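If you read the sequence shown in the working numbering, its first letter stands for residue 5, the second for the next number, and so on.
The C-beta atom is built at its ideal place from N, Cα and C for all residues, glycine as well.
Fair warning: this is a prediction, and the values are worked out from it, not measured in the lab.
Structure, as structure tokens:
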Amino acid sequence: MLSKIMGLFGYVSRDLLDNEVAKNTALEKQKADLHNEVENLSSHNANLTFKNTLIAQLLGDRGYSEPLQRFREQFGEFYNFMNNDDSLSNEAEAFSLMQSIEKELEVISTAPQLYSKEVIAVGGGFSAGKSEFISSLITAQNVSLPIGIKPTTAIPTYVLSSEITQLVAFSNSGVRVELNELDSEIHSKINHDFIESFGFNLKKIMPFMVLKTQKNYEQLCFIDTPGYNPSKDGFKYSDRESANAFLSNANALLWLIGLDSKGTIEKDDIDFLRELDLCHKKLYVVLNKADLLSPSQRKAVLVQVAKQLNAYSIEYEGISTYSATEREEYEFEKIPLMEFLDSLSLSQTLQKTLTERLFSVYAMYNESILRKKKRKATIYKALHELDIALGGELDEDSLHFGRLSKIKNIFQVGKETEQSLSELQKIILEMKKSIDEIFGKVLKIDLPQINEKDIKIEFDLAVEEIIDDESNQTNKPRTKKKRDSNSDKERDNPWWIHFFPR
Numbered sequence: 005m006l007s008k009i010m011g012l013f014g015y016v017s018r019d020l021l022d023n024e025v026a027k028n029t030a031l032e033k034q035k036a037d038l039h040n041e042v043e044n045l046s047s048h049n050a051n052l053t054f055k056n057t058l059i060a061q062l063l064g065d066r067g068y069s070e071p072l073q074r075f076r077e078q079f080g081e082f083y084n085f086m087n088n089d090d091s092l093s094n095e096a097e098a099f100s101l102m103q104s105i106e107k108e109l110e111v112i113s114t115a116p117q118l119y120s121k122e123v124i125a126v127g128g129g130f131s132a133g134k135s136e137f138i139s140s141l142i143t144a145q146n147v148s149l150p151i152g153i154k155p156t157t158a159i160p161t162y163v164l165s166s167e168i169t170q171l172v173a174f175s176n177s178g179v180r181v182e183l184n185e186l187d188s189e190i191h192s193k194i195n196h197d198f199i200e201s202f203g204f205n206l207k208k209i210m211p212f213m214v215l216k217t218q219k220n221y222e223q224l225c226f227i228d229t230p231g232y233n234p235s236k237d238g239f240k241y242s243d244r245e246s247a248n249a250f251l252s253n254a255n256a257l258l259w260l261i262g263l264d265s266k267g268t269i270e271k272d273d274i275d276f277l278r279e280l281d282l283c284h285k286k287l288y289v290v291l292n293k294a295d296l297l298s299p300s301q302r303k304a305v306l307v308q309v310a311k312q313l314n315a316y317s318i319e320y321e322g323i324s325t326y327s328a329t330e331r332e333e334y335e336f337e338k339i340p341l342m343e344f345l346d347s348l349s350l351s352q353t354l355q356k357t358l359t360e361r362l363f364s365v366y367a368m369y370n371e372s373i374l375r376k377k378k379r380k381a382t383i384y385k386a387l388h389e390l391d392i393a394l395g396g397e398l399d400e401d402s403l404h405f406g407r408l409s410k411i412k413n414i415f416q417v418g419k420e421t422e423q424s425l426s427e428l429q430k431i432i433l434e435m436k437k438s439i440d441e442i443f444g445k446v447l448k449i450d451l452p453q454i455n456e457k458d459i460k461i462e463f464d465l466a467v468e469e470i471i472d473d474e475s476n477q478t479n480k481p482r483t484k485k486k487r488d489s490n491s492d493k494e495r496d497n498p499w500w501i502h503f504f505p506r
């Protein structure tokens, strides 16, 4: 009897134990499901917060950099200088030059790094492997450009060399948003699904991004442009306009052709290249995904593409069969791809161009101030010589003597010239300093030097010649002039008589 009771108790215990285990398993699963749901909700909430913050910042008011604000303050000082100085006849031109510098600096200050590099546009059809190609030049680990994004929604990206990986977004009004500050892993999240999740074309309010990361060719900045999308009627007008817009900011174009889908250069590529404004732009053609072809196939494609480019009179620097995934070049026409990239260097930076424009304004005022000084000095010298030449003919108490003295004082050169030049130089150098701060580096360039001796004036006031001419005409000793209304005698009077109204 006892054994039966114990057996029943054991059976019940095992049943209860199994039930408890099943309950615990269900609870653990429920807990895991809830945890996953919380994780998903947290991730979804983080994404919503990121999107809302990004949109709000992109649509917000733009703040201007301190160097740009200082340049504008110095521009105000220059404007005051212009109002106080009357030496320059074409001051409107000088003011216009200064305005053009300010407007360009306003644009540049949003992303000055873009304007201190040799900009290379990377173009080609959709799926040509443009993003993969640029990623093959990036040396930083776990950093690459998103691939497989439709051209209609793809956001053009400028890729710069930097020790620190940073992704910056820009709005149409010049607002910059540090995406890494919103999400430290953002560079790995920018993909097709992410862009589509906004529910609208993000490119309309975020036209481009800048990716700073470790890469080869520090002197170069690559633009990952949206690929054109061939249709039944050829490429679209908007594709060409978009490509031309980015090409206008570039000094060279790398045109990529994906050998996996085409095997050679097609008419769409030819038409697109012929429509682009390639004047003074260097073109290099990259036959990407060449690892998918055999050596003989690669060679045949290389020869065929060269023939077609030559047939349509499209000038190019070279052609390369290349694999972005393998990071390897196989064959080339003219020069290798890496040699072409090495040959690209910035011959004239925008920083230098703007500084030279600024200094040209300084030179305009410097010359005009010195010209005014020399003109006054020449007139003063002539008046002084006239005073000596007249000797005692003018009584010190006479009206003419007093007028001559006053006129000499008017044309006497004082310290105001040196003060004006010193003030001008100080303003210009401060403006140059602000330009350097905007670009983040000091440009070594000196102010233009103008020698006063090299400045020519348009008149000659040599009193000796005037007196000699008069002596030859009259052959009589000089006597004091008397008022005479005779017009013929008036024409015979020397130039200085007009300073003494009758």
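Find the nearest neighbour of Leu297 within the set Leu277, Leu428 and Gly262, judged by alpha-carbon distance.
For this step, residue 297 is matched to residue 293 along the sequence shown. Nearest C-alpha to Leu297: Gly262.
Sort Phe276, Ile209, Ser347 and Phe198 by Cα distance to His48 and report the nearest one.
Translated into the one-based positions of the sequence shown, residue 48 becomes position 44. Checking every option, the nearest Cα to that of His48 belongs to Phe198.
Return the bridge partner residues of Asp283 from the DSSP annotation.
Looking up residue 283 in the sequence shown gives position 279. Reading the sequence as shown, one finds Cys at residue 283 and not Asp. Residue pairing by DSSP places Cys283 in no beta bridge whatsoever.
Under a Cβ-count criterion, where at least 16 other Cβ atoms within 10 Å of its own Cβ denotes burial, should Gly64 be classed as buried or exposed?
On the sequence shown, position 60 is the one that residue 64 refers to. Around the beta carbon of Gly64, a 10 Å sphere encloses fewer than 16 other beta carbons of the protein chains shown; the residue is thus reported as exposed.
Check this for me: beta carbons of Phe54 and Asp187, under 8 Å apart or not?
Against the sequence shown, residue 54 aligns to sequence position 50. Against the sequence shown, residue 187 aligns to sequence position 183. Yes.
Report back the beta-carbon spacing between Ser219 and Val309 to the nearest angstrom; my notes put them in contact at under 8 Å.
Translated into positions along the sequence shown, residue 219 becomes position 215. Translated into positions along the sequence shown, residue 309 becomes position 305. Sequence check: residue 219 is Lys here, not Ser. Contact between Lys219 and Val309 is ruled out by a C-beta separation of about 27 Å, above the 8 Å threshold.
Inspect the beta-carbon positions of Thr359 and Val305 and report whether they are closer than 8 Å.
Within the sequence shown, residue 359 is the residue found at index 355, counting from 1. Within the sequence shown, residue 305 is the residue found at index 301, counting from 1. Cβ atoms of Thr359 and Val305: not closer than 8 Å.
Considering Glu189, what are the terminal residues of the alpha helix (DSSP H) in which it resides?
As a position in the sequence shown, residue 189 is number 185, starting the count at 1. It is not in any alpha helix (DSSP H) - Glu189 carries neither H nor E in the DSSP assignment.
Whole angstroms are fine: how far does the CA of Glu32 sit from the CA of Cys225?
One-based indexing of the sequence shown puts residue 225 at position 221. One-based indexing of the sequence shown puts residue 32 at position 28. Cys225 and Glu32: Cα-Cα distance of roughly 53 Å.
On the three-state DSSP scale, how would you describe Phe130?
Position 126 of the sequence shown, counted from the first residue, corresponds to residue 130. When DSSP states are grouped into helix, strand and coil, Phe130 belongs to the coil group.
Range covered by the beta strand (DSSP E) that runs through Tyr326:
Taking the first residue of the sequence shown as 1, we reach residue 326 at position 322. Per DSSP, the continuous beta strand (DSSP E) segment holding Tyr326 begins and ends at Gly322 to Ser327.
Ignore the nearest five residues each way along the sequence and tell me which others in Tyr334's own chain have a CB closer than 6 Å to its CB.
The residue you call residue 334 lines up with position 330 of the sequence shown. For Tyr334, the CB contacts under 6 Å within the same chain, skipping 5 residues up- and downstream, are Ala294, Arg302 and Thr325 in chain order.
So what's Lys484 in DSSP terms, helix, strand or just coil?
By one-based count along the sequence shown, residue 484 stands at place 480. In this prediction, Lys484 scores a pLDDT of 39, lower than 50, which makes its location untrustworthy; the coordinate-derived value is nonetheless stated afterwards. Three-state DSSP puts Lys484 in coil, outside helix and strand.
How many whole angstroms separate the CB atoms of Thr357 and Ser120, which I take to be in contact at a CB cut-off of 8 Å?
The count along the sequence shown starts at 1 and reaches residue 357 at position 353. The count along the sequence shown starts at 1 and reaches residue 120 at position 116. Not confirmed; about 12 Å, so no contact.
What is the C-beta distance between Pro71 and Ile442, in whole angstroms, given that I count them as a contact (C-beta under 8 Å)?
For this step, residue 71 is matched to residue 67 along the sequence shown. For this step, residue 442 is matched to residue 438 along the sequence shown. With 8 Å as the limit, Pro71 and Ile442 qualify as a contact, their Cβ atoms being about 5 Å apart.
Within the continuous alpha helix (DSSP H) that includes Glu527, where are the two ends?
Only positions 5 to 506 of the chain appear in this structure, which leaves residue 527 out of reach.
Which one or two residues does DSSP pair with Leu447 in a beta bridge?
The residue labelled residue 447 in the question sits at position 443 within the sequence shown. For Leu447, which the question treats as bridged, DSSP gives no partner whatsoever.
Give the secondary structure of Phe212 by DSSP, where H, G and I count as helix, E and B as strand, and everything else as coil.
Position 208 of the sequence shown, counted from the start, is the residue given in the question as residue 212. In the three-state DSSP reduction, Phe212 falls in the strand class (E or B).
For Arg180, the nearest candidate out of Glu189, Pro211 and Asn195 (CA to CA)
Sequence index remark: in the sequence shown, residue 180 carries index 176 (1-based). Selected option, being the one with the closest Cα: Pro211.
What is the C-beta distance between Asp228 and Ile138, in whole angstroms, given that I count them as a contact (C-beta under 8 Å)?
As a first step, residue 228 is located in the sequence shown; it is residue number 224 there, counting from the start. As a first step, residue 138 is located in the sequence shown; it is residue number 134 there, counting from the start. The pair is a contact, with the Cβ atoms about 5 Å apart (cut-off 8 Å).
Below 8 Å, can you find three or more Cβ-Cβ pairs linking the stretch 316 to 323 to the stretch 275 to 290?
Contact holds: three or more Cβ-Cβ distances are below 8 Å.
Quick check on Glu468: does DSSP put it in helix, strand or coil?
As a first step, residue 468 must be located in the sequence shown, where it is residue number 464. Low confidence applies here, because Glu468 scores a pLDDT of 48, under 50, leaving its location unreliable; read the following figure in that light. Note: Glu468 maps to helix in three-state DSSP.
To which residues of the same chain is Thr421 closer than 7 Å at the C-beta, ignoring the five residues directly before and after it?
The residue labelled residue 421 in the question sits at position 417 within the sequence shown. The beta carbon of Thr421 sits closer than 7 Å to those of Ile373 and Lys377, all from its chain and outside the five residues before and after it, given in chain order.
Nearest-angstrom Cα separation, counted from Met342 out to Ala125:
As a first step, residue 125 must be located in the sequence shown, where it is residue number 121. As a first step, residue 342 must be located in the sequence shown, where it is residue number 338. For Ala125 and Met342, the gap between their C-alpha atoms comes out near 16 Å.
Reference Gly133; option with closest CA among Asn292, Met435 and Leu425
Taking the first residue of the sequence shown as position 1, residue 133 is located at position 129. The option with the nearest alpha carbon to Gly133 is Asn292.
Secondary structure at Gln312, three-state DSSP: helix, strand or coil?
Mapped onto the sequence shown, residue 312 falls at position 308. In the three-state DSSP reduction, Gln312 falls in the helix class (H, G or I).
Can you tell me whether Ser46 is buried or exposed? The criterion is at least 16 other CB atoms within 10 Å of its CB, across all chains shown.
Here residue 46 refers to the residue found at position 42 of the sequence shown. By the neighbour-count rule (16 or more Cβ atoms within 10 Å), Ser46 is not buried but exposed.
Report the partner residues of Thr268 according to the DSSP bridge assignment.
By one-based count along the sequence shown, residue 268 stands at place 264. Within the DSSP bridge table, the entry for Thr268 names no partner.
Please tell me whether, using a cut-off of 7 Å, the distance from the CB of Leu287 to the nearest non-hydrogen atom of the ligand ZN is below it.
Although the ligand ZN was asked about, the structure shown includes no ligands whatsoever.
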